[in-house]
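S.K.: This structure is in structure tokens; I'll ask about it shortly.
In our numbering, the protein residues as written are 81 to 307.
Listed below in structure tokens is the structure:
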């Protein structure tokens, strides 16, 4: 067994036993009406709601090309404060790391094979509000329930909530690689600039071989899998 594959198996077992993290949010995603299955055609990111559907579509279709179009250059993923997986990152998980993790997840990393299927369900109807950190028409916030199932050499289930913060294209920091493809400031386009994780491991819900832990733990696991 190669070193990389052995690392992935050990890490999955550790996360399953550790429980990954927790959430202060009441309730469970099962109490929410989850959204429809993503369409065959990629949604257009012309609103925060449509952008989040494109995010959902990119996971289900395991599409790196569309996934890299989602995020601003100054994007940050924020781990739950109670998730030990994020101790090395906290508020410093960047777009570069996000794309590397996703590429390893869907295309394989090192000797690790890609996952074979991804199911992601978000809320059916998104409630859009102002970003309390930055009021104004250029920024919006959506909090949604999330249910993610990743199937590969083992099954991983993630549930809980997430906050997504959006910036309108005429105010966003556009990454150099997107600018090189002709992406310009545009008030009809939106980007994700912040993602706050609030997924959790609920006590007593572990079932093998399915493993349940946080989205942050999944990111750290697959980022490291390619090294």
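We put the beta carbon where it would ideally sit given N, CA and C, even for glycine.
Ignoring anything shorter than 4 residues, give me the alpha helix (DSSP H) runs that lie fully in the stretch 140-214, in order along the chain.
M.R.: Runs of the alpha helix (DSSP H) inside the stretch 140-214: 144-147, 175-187.
S.K.: Looking at C-beta atoms only, is the number of pairs between the stretch 209-220 and the stretch 182-200 that lie closer than 8 Å three or more?
M.R.: Not touching, per the Cβ criterion.
S.K.: Would you be able to state if there are at least three C-beta pairs under 8 Å between the stretch 239-254 and the stretch 264-284?
M.R.: With a cut-off of 8 Å, the stretch 239-254 and the stretch 264-284 count as touching, because enough Cβ pairs lie within range.
S.K.: Helix, strand or coil for residue 133? Go by DSSP, reduced to three states.
M.R.: Taking the first residue of the chain shown as position 1, residue 133 is located at position 53. In this structure, residue 133 counts as helix in the three-state DSSP scheme.
S.K.: Do residue 269 and residue 125 have their beta-carbon atoms positioned less than 7 Å apart in this structure?
M.R.: Working through the chain shown from its first residue, we reach residue 125 at position 45. Working through the chain shown from its first residue, we reach residue 269 at position 189. In this structure, residue 269 lies closer than 7 Å to residue 125 by Cβ.
S.K.: Report yes if the CB atom of residue 155 is closer than 7 Å to the CB atom of residue 273, and no otherwise.
M.R.: Counting from 1 along the chain shown, the entry for residue 155 is found at position 75. Counting from 1 along the chain shown, the entry for residue 273 is found at position 193. In contact: residue 155 and residue 273 (Cβ atoms closer than 7 Å).
S.K.: Quick one: Cα of residue 205 to Cα of residue 133, how far?
M.R.: Within the chain shown, residue 205 is the residue found at index 125, counting from 1. Within the chain shown, residue 133 is the residue found at index 53, counting from 1. Rounded to the nearest angstrom, the two C-alpha atoms are 11 Å apart.
S.K.: Using C-beta distances below 7 Å, list every residue in its chain close to residue 186, excluding the 5 sequence neighbours before and after it, in chain order.
M.R.: The residue given as residue 186 occupies position 106 in the chain shown. Excluding residues within five positions, the ones whose Cβ falls inside 7 Å are 142, 144, 194, 195.
S.K.: Taking DSSP as the reference, what is the three-state secondary structure of residue 236?
M.R.: The residue given as residue 236 occupies position 156 in the chain shown. Correct three-state label for residue 236: strand.
S.K.: Any contact between the stretch 166-173 and the stretch 259-267? By contact I mean 3 or more CB pairs, one from each, below 8 Å.
M.R.: They do not touch, by the three-pair rule.
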